[in-house]
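Position 13 (the sequence shown) corresponds to 453 in the numbering used here; numbering is contiguous.
Down below is the structure, laid out as structure tokens.
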Amino acid sequence: MNSILKLVIILGTLSIITGALITTFFFINSKNELRETVTLTSEEEKELEQLASGEKEFQVSDESEDGRMSERVFSDRLHGMTHQKVYAEEKWGYVPITEKSIDLMLEILEESDYTHQDFYKQSLLAWKDGDFSNAVKVHNVIWNSKGGNVGKAQRLLTPQEEMDYRIEHQN
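Given below as structure tokens:
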């Protein structure tokens, strides 16, 4: 009886360890799939600069397909996320940047076919990796689509300014 109990305990322990290893493997693989990169061509980079400067109009659709988020709503949310990171005279709207909010936006992208899909994906993947150096450009590209004349982002916020902004805009 003692040897059967030991065998059951050993097999149970091995099953738990195997299950944990398999779960860990699949979790790591799913995280790595999200970490893909999007590389823009030189033409796309040039267009992005024109969009950020306002030389070219950033047009997005207000139409929603199959009940999914329209590109206008998606770009507005992304624009609201940039407010945590950029200095501008005026800012309207705020969506906190969290790992969860970035993941949600990436999930929405996977299910959508927006005109500026690569721009959004490149921006969000950089943020997921902790790189917010593109936030001024992201803000201004979308800001220009709104016909902005007040509130153009001028620079990234300092860490202290960002902390103050987040505290001020907590719900």
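Here a beta-carbon is modelled for each residue, glycine too, at the ideal position from N, C-alpha and C.
Keep in mind that this is a model prediction, so the values were computed, not measured.
Spatial distance of residue i from residue j (CA atoms)
i, j, result
"Asp543", "Glu495", "31 Å"
"Thr453", "Leu445", "12 Å"
"Ile457", "Asn442", "23 Å"
"Gly520", "Leu451", "53 Å"
"Glu551", "Thr598", "34 Å"
"Ile582", "His609", "21 Å"
"Ala575", "Leu447", "58 Å"
Of the residues the options, the one placed nearest residue i, counting alpha carbons only
i, options, result
"Arg579", "Gly570, Asp604, Tyr527", "Per the sequence presented here, residue 579 reads as His, with Arg not at that position. Checking every option, the nearest Cα to that of His579 belongs to Tyr527."
"Ser501", "Leu546, Glu530, Asp553, Leu454", "Asp553"
"Asp620", "Val535, Arg508, Asp506", "Outside the shown range of the chain (441 to 611) lies residue 620, about which nothing can therefore be said."
Enclosing alpha helix (DSSP H) for residue i [first to last residue]
i, result
"Leu518", "511-522"
"Gln610", "No alpha helix (DSSP H) contains Gln610, which DSSP labels as neither H nor E."
Cutoff 8 Å; reference residue i; Cβ partners in own chain excluding five residues on either side
i, result
"Trp532", "Gly591"
"Ile548", "Arg508, Met509, Phe514"
Cβ neighbours of residue i in the same chain (closer than 6 Å, five flanking residues each side left out)
i, result
"Leu474", "Annotation note: pLDDT 48 at Leu474 (below 50); position unreliable, coordinate value reported separately. The answer is none, since no qualifying residue turns up."
"His523", "Lys531, Tyr534"
- request: Would you mind listing the alpha helix (DSSP H) stretches within the segment 536-590 that are 4+ residues and don't spill past its ends, in chain order?
  value: 539-550, 557-568, 575-585, all fully within the segment 536-590.
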